[in-house]
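**Student:** My questions all concern the structure below.
Chains as they are written, first to last, in UniProt numbering: chain A, 1 to 179; chain B, 1 to 219.
Given below as structure tokens:
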């Protein structure tokens, strides 16, 4: 989570549904019609970097500017699907940075159950990823759909697991190191 | 929507991280983001102008405060995107510097004469309209970083800090000369590197020249 971390910046740009609590002049730009005012009660998908800060007033108990909602990537429907079988969900299509987004969302909302579901999801999927990383079935194997649906963090995990297994084989002298 | 251009820039940075080479500098995008920041700043100044007499009180006018906050956050966001983009690129440049790839040299087509690219050859290449994937600032950064690295390495004459960590299998290797590099001095006397000639030389003597692309190793 460094200031310069590219992934963290991209996570910051994931959208969050927000509802404006008061009329703001000249903010129509956010809606796509510049010059207009934004009405109280307007629903908008704002990036995390904007919505998070605008909602701070609400948390401090002073004037609230916007109220936040849970993003569609973490909706009830998705959580139920994750509870049923974490391995069949295409996390990438929900959000390219699914886990880091959830992390940020959980900083804003109290959702005990979501934590458990996500932990379970990660553990189950990590085992599957390790399996694929150690026994590559080639580009045409049945794992392709699953691997395509990995989020950014899981891709990293896959890469590390795959490289690790390869390095061990090289170290043990079973495989030739490429020059 | 504010910050979208900055996002594009960061996506470029993300792609850059997984590439071996450095993709072209996004001059247009960087300029557009900077322009957005200037526009936002003008907007903020405009909003605050009407309050110049009595001073601005956020709690009295929460709507304007909100507009100001959005502007400010967008500027901060753009700043972060710009900084991250340039940092990814400089990190890449430093890495290339340590591995001994001469980015400035690569930009140029093989020039006649084969001298190291001095400032004169650089400027002449740019005058011809040679497209470089580095911004002028990045070229300057690369040159100065190379100089600094060379000065740092110069403290230890018997250790080559950027040399290969792989123990050599053979002391002597066959190499082919790809570009004229003139005469070099080795422990066993001088060897003349003329293009297309093939030589049997000590690996330690020519490692740098292989990395720089003057020689090619024959297996």
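Just so you know, even glycine gets a beta-carbon here, dropped at the ideal spot from N, CA and C.
#1: List the whole-angstrom C-beta distance separating residue 16 of chain A from residue 97 of chain A, where the pair is believed to meet the contact cut-off of C-beta under 8 Å.
#2: Is the beta carbon of residue 74 of chain A closer than 9 Å to that of residue 66 of chain B?
#3: Using the rule of at least 16 other Cβ atoms within 10 Å of the residue's Cβ for burial, across every protein chain shown, is residue 179 of chain A buried or exposed?
#4: Just confirm the distance between the C-beta atoms of residue 48 of chain A and residue 102 of chain A, as a whole number of angstroms; I'd bet it's less than 8 Å.
#5: Just mark residue 43 of chain A as buried or exposed, buried being the case when its beta carbon has 16 or more other beta carbons within 10 Å.
#6: Heavy atom of the ligand COA less than 8 Å from the Cβ of residue 86 of chain A, yes or no?
#7: Measuring only the C-alpha atoms, how far is residue 107 of chain A from residue 97 of chain B?
#8: Shorter than 9 Å from the beta carbon of residue 153 of chain A to some beta carbon of chain B?
#9: Counting only beta-carbon atoms, is residue 35 of chain A nearer than 9 Å to chain B?
#10: Under the assumption that residue 33 of chain B contacts residue 5 of chain B (Cβ atoms under 8 Å), give the Cβ distance between them as a whole number of angstroms.
#11: Identify the continuous beta strand (DSSP E) that holds residue 216 of chain B and give its terminal residues.
#12: Step through the CB atoms of chain B and report whether any lies within less than 9 Å of the CB of residue 160 of chain A.
#13: Taking contact to mean at least 3 C-beta pairs separated by less than 8 Å, is the stretch 1-8 of chain A in contact with the stretch 28-46 of chain A?
#14: Give a yes or no on whether the C-beta atoms belonging to residue 224 of chain B and residue 54 of chain A are separated by under 9 Å.
#15: Counting Cβ pairs closer than 8 Å, one from the stretch 117-136 of chain A and one from the stretch 148-165 of chain A, do we hit at least three?
#16: Can you pull out the residues from the stretch 6-27 of chain B whose beta carbon lies closer than 8 Å to at least one beta carbon of chain A?
#17: Compute the beta-carbon to beta-carbon distance between residue 202 of chain B and residue 186 of chain B, rounded to the nearest angstrom, for a pair I have assumed lies under 8 Å.
#18: What residues in its chain sit with their C-beta under 6 Å from that of residue 81 of chain B, if we drop five residues either side in the sequence?
#19: Ignore the nearest five residues each way along the sequence and tell me which others in residue 104 of chain A's own chain have a CB closer than 7 Å to its CB.
#20: Counting C-beta neighbours from all protein chains within 10 Å, is the total for residue 223 of chain B 16 or more, i.e. buried, or is it exposed?
#21: Who are the near neighbours of residue 118 of chain A in its chain, counting only those whose CB is closer than 6 Å to its CB and skipping five residues on each side?
#22: Can you pull the chain B neighbours of residue 53 of chain A, defined as C-beta to C-beta under 8 Å?
#23: Around the Cβ of residue 93 of chain A, are there at least 16 other Cβ atoms within 10 angstroms (buried) or fewer (exposed)?
#24: If the cut is a Cβ gap below 8 Å, which residues of chain A does residue 1 of chain B touch?
#25: Taking the alpha-carbon of residue 56 of chain A as reference, which of A:86, A:18, A:28 has the nearest alpha-carbon?
#26: What residues of chain A sit near residue 83 of chain B, judged by a beta carbon separation below 8 Å?
#27: Under 9 Å between C-beta atoms, does residue 167 of chain A make it to chain B?
#28: Please decide whether residue 75 of chain A counts as near chain B, where near means a Cβ-Cβ distance under 9 Å.
#29: Check distances from the C-beta atoms of the stretch 151-174 of chain B to those of chain A and list, in chain order, the residues that come in under 8 Å.
#30: Sorted by chain position, which residues of the same chain lie with C-beta nearer than 6 Å to residue 90 of chain A's C-beta, five sequence neighbours on each side aside?
#31: Quick check: is the beta carbon of residue 80 of chain B nearer than 9 Å to any beta carbon in chain A?
#32: Could one say the Cβ of residue 26 of chain A lies closer than 9 Å to chain B's Cβ atoms, at least one of them?
#33: By how many angstroms is the C-alpha of residue 210 of chain B removed from the C-alpha of residue 175 of chain A?
#34: Are the CB atoms of residue 85 of chain B and residue 30 of chain B within a distance shorter than 9 Å?
#35: Using 10 angstroms around the beta-carbon of residue 109 of chain A, count the other beta-carbons present and answer buried if the total reaches 16, otherwise exposed.
**Tutor:** Per the coordinate set shown:
#1: Indexing the first chain from 1 puts residue 16 of chain A at position 16. Indexing the first chain from 1 puts residue 97 of chain A at position 97. Their Cβ separation, rounded to whole angstroms, is 13 Å, which puts residue 16 of chain A and residue 97 of chain A out of contact at 8 Å.
#2: For the purposes of this step, residue 66 of chain B is identified with residue 66 of the second chain, where counting begins at 1. For the purposes of this step, residue 74 of chain A is identified with residue 74 of the first chain, where counting begins at 1. Result no, Cβ atoms of residue 66 of chain B and residue 74 of chain A do not sit closer than 9 Å.
#3: The residue given as residue 179 of chain A occupies position 179 in the first chain. Here residue 179 of chain A scores only 48 on pLDDT, less than 50, and its place in the model is too uncertain to base an answer on.
#4: Translated into positions along the first chain, residue 48 of chain A becomes position 48. Translated into positions along the first chain, residue 102 of chain A becomes position 102. Going by Cβ atoms, the distance from residue 48 of chain A to residue 102 of chain A rounds to 12 Å, so no, they are not a contact pair.
#5: Walking along the first chain from the start, residue 43 of chain A turns up at place 43. When all chains shown are included, residue 43 of chain A counts as exposed.
#6: Within the structure as shown, the ligand COA is missing, as the structure has no ligands at all.
#7: If you number the first chain from 1, residue 107 of chain A lands on position 107. If you number the second chain from 1, residue 97 of chain B lands on position 97. Those two C-alpha atoms are separated by around 41 Å.
#8: As a first step, residue 153 of chain A must be located in the first chain, where it is residue number 153. So no, residue 153 of chain A is outside the interface.
#9: Along the first chain, read from residue 1 onward, the residue named residue 35 of chain A stands at position 35. For residue 35 of chain A, the answer is no, since every Cβ of chain B falls outside 9 Å of its Cβ.
#10: Translated into the one-based positions of the second chain, residue 33 of chain B becomes position 33. Translated into the one-based positions of the second chain, residue 5 of chain B becomes position 5. Yes, they are in contact, since the Cβ atoms of residue 33 of chain B and residue 5 of chain B sit about 5 Å apart, within 8 Å.
#11: The sequence position of residue 216 of chain B within the second chain is 216, counting from 1. It spans 215-218 - the beta strand (DSSP E) in which residue 216 of chain B sits, taken as one unbroken run.
#12: Within the first chain, the letter at position 160 stands for residue 160 of chain A. For residue 160 of chain A, the answer is no, since every Cβ of chain B falls outside 9 Å of its Cβ.
#13: no
#14: Shown here, chain B extends from 1 to 219; a query on residue 224 of chain B therefore has no answer.
#15: yes
#16: 7, 10, 11, 13, 14, 17
#17: The residue labelled residue 202 of chain B in the question sits at position 202 within the second chain. The residue labelled residue 186 of chain B in the question sits at position 186 within the second chain. Indeed they touch by this definition, with Cβ atoms about 7 Å apart.
#18: Position 81 of the second chain, counted from the first residue, corresponds to residue 81 of chain B. Excluding positions up to five away in sequence, the list reads 6, 9, 10.
#19: For the purposes of this step, residue 104 of chain A is identified with residue 104 of the first chain, where counting begins at 1. Once the five neighbours on either side are set aside, the close Cβ partners of residue 104 of chain A are 11, 48.
#20: Here chain B comprises residues numbered 1 to 219, so residue 223 of chain B is not present and cannot be evaluated.
#21: Translated into positions along the first chain, residue 118 of chain A becomes position 118. Cβ within range, chain order: 102.
#22: On the first chain, position 53 is the one that residue 53 of chain A refers to. Those are 69, 73, listed as they occur along chain B.
#23: Sequence index remark: in the first chain, residue 93 of chain A carries index 93 (1-based). Residue 93 of chain A is exposed by the Cβ-count criterion.
#24: By one-based count along the second chain, residue 1 of chain B stands at place 1. Per Cβ cutoff of 8 Å: 29, 30, 32.
#25: Here residue 56 of chain A refers to the residue found at position 56 when the first chain is read from its first residue. Checking every option, the nearest Cα to that of residue 56 of chain A belongs to A:18.
#26: Locating residue 83 of chain B in the second chain gives position 83, where the first residue counts as 1. The answer, in chain order, is 3, 4.
#27: Taking the first chain and counting its residues from 1, one reaches residue 167 of chain A at position 167. With 9 Å as the cut-off, residue 167 of chain A does not count as an interface residue toward chain B.
#28: Position 75 of the first chain, counting from 1, holds the residue named residue 75 of chain A. Cβ-Cβ to chain B under 9 Å: no for residue 75 of chain A.
#29: none
#30: Position 90 of the first chain, counting from 1, holds the residue named residue 90 of chain A. For residue 90 of chain A, where only same-chain residues beyond five positions count, the Cβ hits under 6 Å are 149.
#31: Taking the second chain and counting its residues from 1, one reaches residue 80 of chain B at position 80. For residue 80 of chain B, the answer is yes, since a Cβ of chain A falls inside 9 Å of its Cβ.
#32: By 1-based counting over the first chain, the position of residue 26 of chain A is 26. So, interface residue.
#33: Sequence index remark: in the first chain, residue 175 of chain A carries index 175 (1-based). Sequence index remark: in the second chain, residue 210 of chain B carries index 210 (1-based). So the alpha carbons of these two residues sit roughly 26 Å apart.
#34: Your numbering for residue 30 of chain B matches position 30 in the second chain. Your numbering for residue 85 of chain B matches position 85 in the second chain. In this structure, residue 85 of chain B lies closer than 9 Å to residue 30 of chain B by Cβ.
#35: As a working mapping, residue 109 of chain A is identified with position 109 in the first chain. Per the 10 Å Cβ criterion, exposed.
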